[in-house]
Amino acid sequence: MTVTTTQVDVPALKAIKNSVIGNRTAKSALAKNESLLARLIDCIRDPSHTPDGSSGAHVRVEAAHIIASLSYGSPDALRTLLRLDALPALLYAISIFPPSDPPTLKAALTRSLRALAAAIADAVGPSQWGLSPTVSDIRPEAKVALDYLFQPEVLDVYIPLLLDPSPAVNVAIAQLLSVAVRNPDHRGRVLEWCPPVERTREAKGKRGWERRDPTASPTRRGVWIARTLTTLLLRKDVKLQEAALSALANLVRDCESLARRLARAPPGTESVLSLALELSKSRNIDLQLAASYCATSILRACSQTVYDSPVSANDQTHAITIMHVLNRIIDSETASNQARTKACFILYQLVCDHSVLCQLAFERNSLAKVAALINAITPTEKAPESEEDEPESVSRLREAALTAVAAIALFDTDIRTAVTDELRLIPAIQASLANRYVGVRYAACQCARALSRAVSALRTNIVDTGLGLAVFQLFLKQDEDRRVMHAASAVICNIVTNFSPLRTALLEQGVIPRLVQLLRSSDVELKLNALWAFKNLLYKAMPELKREVIGAIGWSEISNLLLDPDSRLQEQVFHILRHIADGVEDVELLFSEMAGGEALLDNLADAMDSENEDVVLQAVFVLANIANSPTHQLSILSHPRILKRLRDCLVDAKVQIRRPAVSCVLELARQNPRSYRELHEAGIDTTLRHMLEHTSHVATSPTLRFGRQMGAEDDMEVQDKARQALHWLEQAQLTREMLAETDL
Amino acid sequence: MPVQQKAKIYQEEWERRLHDVQVSKEDLNRLVMDYLVIEGYKTAAEEFSKEAGMESPVDFDSIENRMNIREALQRGDVGEAITRVNDLNPEILDTNPSLYFRLQQQKLIEYIRQGKIAEALQFAQEELAPRGEESPEFLSELERTMALLAFESSPMMPASVSELLSPAQRMKTAAEVNAAILESFSQGKEAKLVGLLRLLCWGEAMLEERADLPKLDLSDGTFGERMSG
Chain Z
2 MTVTTTQVDV
12 PALKAIKNSV
22 IGNRTAKSAL
32 AKNESLLARL
42 IDCIRDPSHT
52 PDGSSGAHVR
62 VEAAHIIASL
72 SYGSPDALRT
82 LLRLDALPAL
92 LYAISIFPPS
102 DPPTLKAALT
112 RSLRALAAAI
122 ADAVGPSQWG
132 LSPTVSDIRP
142 EAKVALDYLF
152 QPEVLDVYIP
162 LLLDPSPAVN
172 VAIAQLLSVA
182 VRNPDHRGRV
192 LEWCPPVERT
202 REAKGKRGWE
212 RRDPTASPTR
222 RGVWIARTLT
232 TLLLRKDVKL
242 QEAALSALAN
252 LVRDCESLAR
262 RLARAPPGTE
272 SVLSLALELS
282 KSRNIDLQLA
292 ASYCATSILR
302 ACSQTVYDSP
312 VSANDQTHAI
322 TIMHVLNRII
332 DSETASNQAR
342 TKACFILYQL
352 VCDHSVLCQL
362 AFERNSLAKV
372 AALINAITPT
382 EKAPESEEDE
392 PESVSRLREA
402 ALTAVAAIAL
412 FDTDIRTAVT
422 DELRLIPAIQ
432 ASLANRYVGV
442 RYAACQCARA
452 LSRAVSALRT
462 NIVDTGLGLA
472 VFQLFLKQDE
482 DRRVMHAASA
492 VICNIVTNFS
502 PLRTALLEQG
512 VIPRLVQLLR
522 SSDVELKLNA
532 LWAFKNLLYK
542 AMPELKREVI
552 GAIGWSEISN
562 LLLDPDSRLQ
572 EQVFHILRHI
582 ADGVEDVELL
592 FSEMAGGEAL
602 LDNLADAMDS
612 ENEDVVLQAV
622 FVLANIANSP
632 THQLSILSHP
642 RILKRLRDCL
652 VDAKVQIRRP
662 AVSCVLELAR
672 QNPRSYRELH
682 EAGIDTTLRH
692 MLEHTSHVAT
702 SPTLRFGRQM
712 GAEDDMEVQD
722 KARQALHWLE
732 QAQLTREMLA
742 ETDL
Chain C
12 MPVQQKAKIY
22 QEEWERRLHD
32 VQVSKEDLNR
42 LVMDYLVIEG
52 YKTAAEEFSK
62 EAGMESPVDF
72 DSIENRMNIR
82 EALQRGDVGE
92 AITRVNDLNP
102 EILDTNPSLY
112 FRLQQQKLIE
122 YIRQGKIAEA
132 LQFAQEELAP
142 RGEESPEFLS
152 ELERTMALLA
162 FESSPMMPAS
172 VSELLSPAQR
182 MKTAAEVNAA
192 ILESFSQGKE
202 AKLVGLLRLL
212 CWGEAMLEER
222 ADLPKLDLSD
232 GTFGERMSG
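If you're matching them up, the sequences are chains Z and C in order.
First residue of the first sequence? That's 2 in our numbering, and the numbers climb one at a time after it.
First residue of the second sequence? That's 12 in our numbering, and the numbers climb one at a time after it.
1) Quick check on residue 706/Z: does DSSP put it in helix, strand or coil?
2) Going along chain Z, which residues have a C-beta under 7 Å from residue 97/C?
3) Specify, as a first and last residue, the run of the alpha helix (DSSP H) that residue 292/Z falls within.
4) Going along the region 191-210 of chain C in order, which residues come within less than 7 Å of chain Z, judged by CB to CB distance?
5) Can you list the alpha helix (DSSP H) stretches of 4 or more residues lying completely in the region 50-131 of chain C, in chain order?
6) If you follow the alpha helix (DSSP H) that residue 484/Z is in, where does it begin and where does it stop?
7) Please report the distance separating the alpha-carbon of residue 155/C from that of residue 171/C.
8) Report the neighbours of residue 239/Z on chain C: residues whose CB is nearer than 7 Å to its CB, in chain order.
9) Taking residue 344/Z as the reference, which of 355/Z, 361/Z and 403/Z has the closest Cα?
10) Is it right to say residue 166/Z is buried, meaning 16 or more other beta carbons lie within 10 angstroms of its own, or is it exposed?
11) Just the Cα atoms here: how many angstroms apart are residue 682/Z and residue 632/Z?
12) So, are the CB atoms of residue 87/C and residue 124/C less than 9 Å apart?
13) Is there a Cβ of chain C sitting closer than 9 Å to that of residue 438/Z, yes or no?
14) For residue 186/Z, does the three-state DSSP call read helix, strand or coil?
15) So, at 6 Å on beta carbons, what are the nonlocal neighbours of residue 299/Z in its own chain, with the 5 sequence-adjacent residues on each side left out?
16) Taking 6 Å as the limit between beta carbons, can you name the residues of its chain near residue 706/Z, skipping five residues before and five after?
17) Does any residue of chain Z have a CB that is nearer than 9 Å to the CB of residue 87/C?
18) Distance check for residue 56/C and residue 110/Z, CA to CA, integer angstroms please.
19) If we define contact as Cβ-Cβ less than 9 Å, is residue 120/C a contact residue for chain Z?
20) What residue from 605/Z, 659/Z, 249/Z and 286/Z has the CA that sits closest to residue 643/Z's CA?
21) Could you check whether the region 127-140 of chain C touches the region 36-46 of chain Z, counting it as contact only if at least three pairs of C-beta atoms, one from each stretch, sit closer than 8 Å?
22) Classify residue 535/Z as helix, strand or coil using the three-state DSSP reduction.
23) So with Cβ pairs under 9 Å, would you call residue 111/C a contact of chain Z?
24) For the alpha helix (DSSP H) that contains residue 34/Z, what are its first and last residues?
25) Helix, strand or coil: how does DSSP classify residue 686/Z here?
26) In or out: residue 308/Z buried (at least 16 other Cβ within 10 Å) or exposed?
27) Within the continuous alpha helix (DSSP H) that includes residue 107/Z, where are the two ends?
28) Between which residues of its own chain and residue 1/Z is the CB-CB distance below 8 Å, once the five residues before and five after are set aside?
29) Cβ of residue 554/Z within 9 Å of Cβ of residue 575/Z?
30) Output the distance between the C-alpha atoms of residue 603/Z and residue 572/Z, rounded to the nearest integer angstrom.
31) On the criterion of 16 or more Cβ atoms from any shown chain inside 10 Å, does residue 198/Z qualify as buried, or is it exposed?
32) Under a CB-based cut-off of 9 Å, is residue 166/C close to chain Z?
33) By how many angstroms is the C-alpha of residue 34/C removed from the C-alpha of residue 318/Z?
34) Taking Cβ to Cβ, would you say residue 17/Z is nearer than 9 Å to residue 79/Z?
35) Nearest-angstrom Cα distance between residue 88/Z and residue 178/Z?
36) Rounding to the nearest angstrom, what Cα-Cα distance links residue 369/Z and residue 117/C in this structure?
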């Protein structure tokens with residue numbers, strides 16, 4: 002649409018508006034007309050550039066509608082809008098908005114702000130629901146704009162509008178908060194916001210030299226915003242309630258103090274959590290979803306716990322309520338794809354990484370309903386035309402459903418068995434591995450990963466159905482999306498173990514070269530998974546396999562990785578060495594390949610000194626394995642730094658480390674009578690004696706921890722080995738003394 | 012279950028039992044009002060509201076807007092309909108691609124109906140083909156519509172294509188737009204009366220498994236003895 006000298010008047014703008022709404026090609030075309038767009042943005046920002054009175058206001062309203070429409074689904078238009086500073090223009094217009102202007106204009110401006118903010122946030126990511134298919138190429142500019150949106154002075158412009166008399170304005174701002182807040186930094190700023198009046202009050206209450214520290218009172222976080230959004234929630238306006246619930250859901254994430262406050266009822270009223278649960282049973286499906294999302298976010302934020310911690314009966318009841326609502330939506334034949342997609346993602350968020358909740362979801366039939374949905378929408382016979390024609394909404398629905406399944410099946414074997422046997426999901430999962438939509442492939446890999454964690458499934462369903470090999474084919478692809486590769490490589494880690502029937506096939510089909518490729522990539526997560534897979538591959542492996550793997554990776558690469566700044570990588574490499582050196586002959590292999598072993602021992606000494614306990618643990622295991630080989634014990638004994646570290650591990654480390662440490666000492670003492678001098682110089686015998694002091698009453702003493710802190714050992718296994726080692730050392734000492742005497 | 016063992020309910024008794032059920036006049040009025048509002052009959056709703064002495068749940072202007080849109084579509088003026096939808100809520104068509112496509116498709120149908128073949132072809136090329144590229148799921152509908160041009164007024168035209176020209180197609184589009192507008196304002200999409208009718212048919216089917224009963228003839232509202240099965 003080429004417009005050269007357009008009159009910026011209402012009829013012209015309406016015509017433009019009607020041509021672009023819904024029409025992506027028209028939007029791209031208009032985006033090229035930068036001079037016109039600049040004029041539109043200009044009249045939004047500066048009322049003096051439009052005629053006075055109501056006609057001017059109408060022009061600005063139409064201009065705002067056009068900007069809003071351009072924000073929907075047009076990356077070209079978004080780029081132009083960013084470049085022409087549409088965002089600051091809208092904010093400025095809102096900030097100087099006089100009461101004399103019509104409320105329709107304010108509503109149009111705030112709606113436009115929300116639409117633009119949503120588009121910018123989508124371009125920056127992370128995606129709020131599932132995987133985003135592509136990385137936007139305007140991400141850098143969008144990031145700048147998004148950061149600007151959450152500057153304190155800018156928050157002062159729009160957050161107060163939550164209290165504006167116009168409901169349309171309230172809705173727009175609440176919606177903005179629910180879609181534009183994507184990271185903890187921005188979330189924190191919104192939560193800490195309070196009106197200027199309250200700020201000065203707080204400042205006055207402090208002495209002059211005290212700076213207001215927002216982290217000083219974490220319980221005050223989110224008070225104003227929670228209170229304000231709750232007020233909106235209590236109005237009987239469905240759209241407003243929906244927006245307020247979604248905003249609360251987004252803001253409460255990872256904020257435990259706010260979540261607890263929202264779950265608690267102030268005297269005489271209902272808590273936000275119970276309000277949300279009530280509204281989740283309303284007749285309006287969008288309200289049901291927003292309410293479920295809010296309740297879910299509050300529940301999960303309340304308890305940031307370990308995956309298998311118990312869930313209170315109260316919380317379980319709440320979770321069940323939410324599951325019922327979601328089940329009904331997922332099951333419904335009349336609900337739209339978008340609604341069912343959202344329901345699946347909320348279910349995922351409800352149970353993710355929490356085994357008790359996963360079990361509940363299984364018992365409450367959520368898994369069955371999601372599985373039925375997947376099977377209903379996934380053709381398992383390959384029909385390429387049908388895949389081309391599939392609406393994006395169906396692909397996204399499949400992604401959401403598979404994501405939910407993967408989460409629910411992550412921990413429990415019975416659930417996994419249900420997925421494969423009763424619910425028969427494997428054909429759909431396998432078909433989805435080849436789907437053209439990246440989110441679907443990713444979710445399918447996650448399902449495979451969950452299933453591959455069960456030994457029984459490995460032997461039957463992953464092998465017999467070809468699912469394992471199908472994932473492997475995906476794993477071998479050179480140009481696959483990075484996130485899918487993460488998920489696929491995680492599956493490979495599980496299926497290269499020595500009890501996996503697929504191991505031989507994978508080795509024959511080139512798993513090692515591919516893992517080496519990943520190891521050499523710059524992506525840390527891929528490197529980590531590759532190392533993990535190698536570690537599993539090398540566990541109790543035959544010498545030929547060990548040599549093959551080492552040959553493929555290369556010792557210089559291994560040596561480099563031992564010094565990698567990322568402790569997770571270090572941990573895996575040491576674990577690999579531990580698996581390599583698990584037999585006496587293999588220790589020889591280790592030393593001969595690593596140029597004499599001096600460097601290796603230096604690395605071990607450094608690792609045993611690491612701040613990361615996992616690295617220390619693996620290094621001690623490696624050392625313990627080396628100590629099994631008499632020929633190499635001398636290397637250890639002639640390395641004072643290692644001996645010193647070993648001594649430290651006997652007392653300072655957790656019991657998982659002390660056990661291999663004391664085994665190592667025992668081997669050194671037992672096999673090598675001449676070891677006495679070095680061990681004595683490192684103070685190891687003194688330490689052992691100290692550990693064994695007070696042991697008889699430490700074991701039964703109620704003040705066990707106190708005893709431990711005094712240096713005494715409380716673990717039976719460690720005690721036992723320490724006693725044996727000390728015995729050998731004392732024998733050796735006696736022998737030396739005898740020999741010394743006879744010499745004289 | 013063999014037919015002889017089913018209980019038989021006679022029409023007289025049936026009507027008596029139906030009569031005994033208490034349904035307030037107020038409820039009936041609300042059902043009628045709900046129907047008129049949702050289907051967009053503004054004048055009727057206004058009159059009815061006066062006669063029955065009840066308030067409308069929504070303001071009559073919004074009913075009028077929806078009615079105007081429906082009328083525009085029923086006379087084939089899609090451009091007017093799109094303008095009015097955008098006046099009412101500029102977000103509907105941006106957030107509802109399949110609805111937008113349906114309207115564009117209707118526009119193409121109207122060009123063809125009026126014999127404006129050149130405009131139709133240009134419109135299809137410039138407007139509809141890009142929609143098909145963006146979202147392949149619209150392609151089959153697009154092909155069906157283009158088939159109208161291919162067949163012209165040939166008697167060989169299949170029913171699936173010729174029905175695009177029928178008034179029913181216009182009404183279908185109008186109904187979809189109406190539902191989308193109602194949903195965007197969080198109002199119910201379907202008249203409660205329609206839902207009740209569905210419930211009635213389901214209830215009759217359930218009962219019929221155990222009894223012979225006089226079923227309601229939905230075309231004229233009378234009862235008749237109908238052979239079951």
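A virtual CB, placed ideally from N, CA and C, is assigned to each residue, including glycine.
From the atom records:
1) Residue numbering aside, residue 706/Z sits at position 705 when the first sequence is read from its first letter. Annotation note: pLDDT 48 at residue 706/Z (below 50); position unreliable, no value reported.
2) As a position in the second sequence, residue 97/C is number 86, starting the count at 1. Near residue 97/C (Cβ distances below 7 Å), the residues of chain Z are 18, 19 and 22.
3) Stepping through the first sequence from its first residue, residue 292/Z is reached at position 291. Where residue 292/Z is concerned, the enclosing alpha helix (DSSP H) stretches over 286-303.
4) 197
5) 53-63, 71-85, 89-99 and 108-124
6) Residue mapping note: residue 484/Z aligns to position 483 of the first sequence, counting from 1. Unbroken alpha helix (DSSP H) run through residue 484/Z: 483-496.
7) Numbered from its first residue, the second sequence carries residue 155/C at position 144. Numbered from its first residue, the second sequence carries residue 171/C at position 160. Taking the straight line from one Cα to the other gives about 8 Å.
8) Position 238 of the first sequence, counting from 1, holds the residue named residue 239/Z. Result: 197.
9) Looking up residue 344/Z in the first sequence gives position 343. When each option's Cα is compared against that of residue 344/Z, the closest is 403/Z.
10) Translated into positions along the first sequence, residue 166/Z becomes position 165. When all chains shown are included, residue 166/Z counts as exposed.
11) Along the first sequence, read from residue 1 onward, the residue named residue 682/Z stands at position 681. Along the first sequence, read from residue 1 onward, the residue named residue 632/Z stands at position 631. If you take the alpha carbons of residue 682/Z and residue 632/Z, they lie about 21 Å apart.
12) Here the question's residue 87/C lines up with position 76 in the second sequence. Here the question's residue 124/C lines up with position 113 in the second sequence. Yes; because the gap between Cβ atoms is below 9 Å, this pair is in contact.
13) By 1-based counting over the first sequence, the position of residue 438/Z is 437. Not one chain C Cβ lies under 9 Å of residue 438/Z.
14) Stepping through the first sequence from its first residue, residue 186/Z is reached at position 185. Three-state result, residue 186/Z: helix.
15) Taking the first residue of the first sequence as position 1, residue 299/Z is located at position 298. Hits under 6 Å: 253, 260, 263, 264 and 274.
16) Indexing the first sequence from 1 puts residue 706/Z at position 705. Confidence is the limiting factor: at residue 706/Z the pLDDT is only 48, short of 50, which leaves the residue's position unreliable, though a coordinate-based value still follows. The answer is none, since no qualifying residue turns up.
17) What you label residue 87/C is simply residue 76 of the second sequence in a count that begins at 1. False, the Cβ-Cβ gap to chain Z never drops below 9 Å.
18) Residue 110/Z sits at position 109 when you count from the first residue of the first sequence. Residue 56/C sits at position 45 when you count from the first residue of the second sequence. C-alpha separation (whole angstroms): 34 Å.
19) For the purposes of this step, residue 120/C is taken as the residue at position 109 of the second sequence. Judged by the 9 Å Cβ criterion, residue 120/C is not in contact with chain Z.
20) For the purposes of this step, residue 643/Z is taken as the residue at position 642 of the first sequence. Minimum Cα distance to residue 643/Z is reached at 605/Z.
21) no
22) Locating residue 535/Z in the first sequence gives position 534, counting from the first residue. In this structure, residue 535/Z counts as helix in the three-state DSSP scheme.
23) For this step, residue 111/C is matched to residue 100 along the second sequence. It does; some Cβ of chain Z falls within 9 Å.
24) Position 33 of the first sequence, counted from the start, is the residue given in the question as residue 34/Z. No alpha helix (DSSP H) contains residue 34/Z, which DSSP labels as neither H nor E.
25) Against the first sequence, residue 686/Z aligns to sequence position 685. It is helical.
26) On the first sequence, residue 308/Z is found 307 positions in, with the first residue counted as 1. Looking at its Cβ environment, which holds fewer than 16 other Cβ atoms inside 10 Å, residue 308/Z is exposed.
27) Looking up residue 107/Z in the first sequence gives position 106. Element bounds for residue 107/Z: 104-125.
28) Absent from the model: residue 1/Z. The displayed extent of chain Z is 2 to 745, so no value can be given.
29) Numbered from its first residue, the first sequence carries residue 554/Z at position 553. Numbered from its first residue, the first sequence carries residue 575/Z at position 574. Result no, Cβ atoms of residue 554/Z and residue 575/Z do not sit closer than 9 Å.
30) Residue 603/Z sits at position 602 when you count from the first residue of the first sequence. Residue 572/Z sits at position 571 when you count from the first residue of the first sequence. Their Cα atoms are separated by approximately 16 Å.
31) For the purposes of this step, residue 198/Z is identified with residue 197 of the first sequence, where counting begins at 1. When all chains shown are included, residue 198/Z counts as exposed.
32) As a first step, residue 166/C must be located in the second sequence, where it is residue number 155. It does not; no Cβ of chain Z falls within 9 Å.
33) Taking the first sequence and counting its residues from 1, one reaches residue 318/Z at position 317. Taking the second sequence and counting its residues from 1, one reaches residue 34/C at position 23. Each residue's alpha carbon lies about 38 Å from the other.
34) Translated into positions along the first sequence, residue 17/Z becomes position 16. Translated into positions along the first sequence, residue 79/Z becomes position 78. The answer is no: Cβ separation not under 9 Å.
35) Within the first sequence, residue 88/Z is the residue found at index 87, counting from 1. Within the first sequence, residue 178/Z is the residue found at index 177, counting from 1. Cα to Cα, the separation comes out at about 16 Å.
36) By 1-based counting over the first sequence, the position of residue 369/Z is 368. By 1-based counting over the second sequence, the position of residue 117/C is 106. In a straight line, the C-alpha of residue 369/Z is about 41 Å away from that of residue 117/C.
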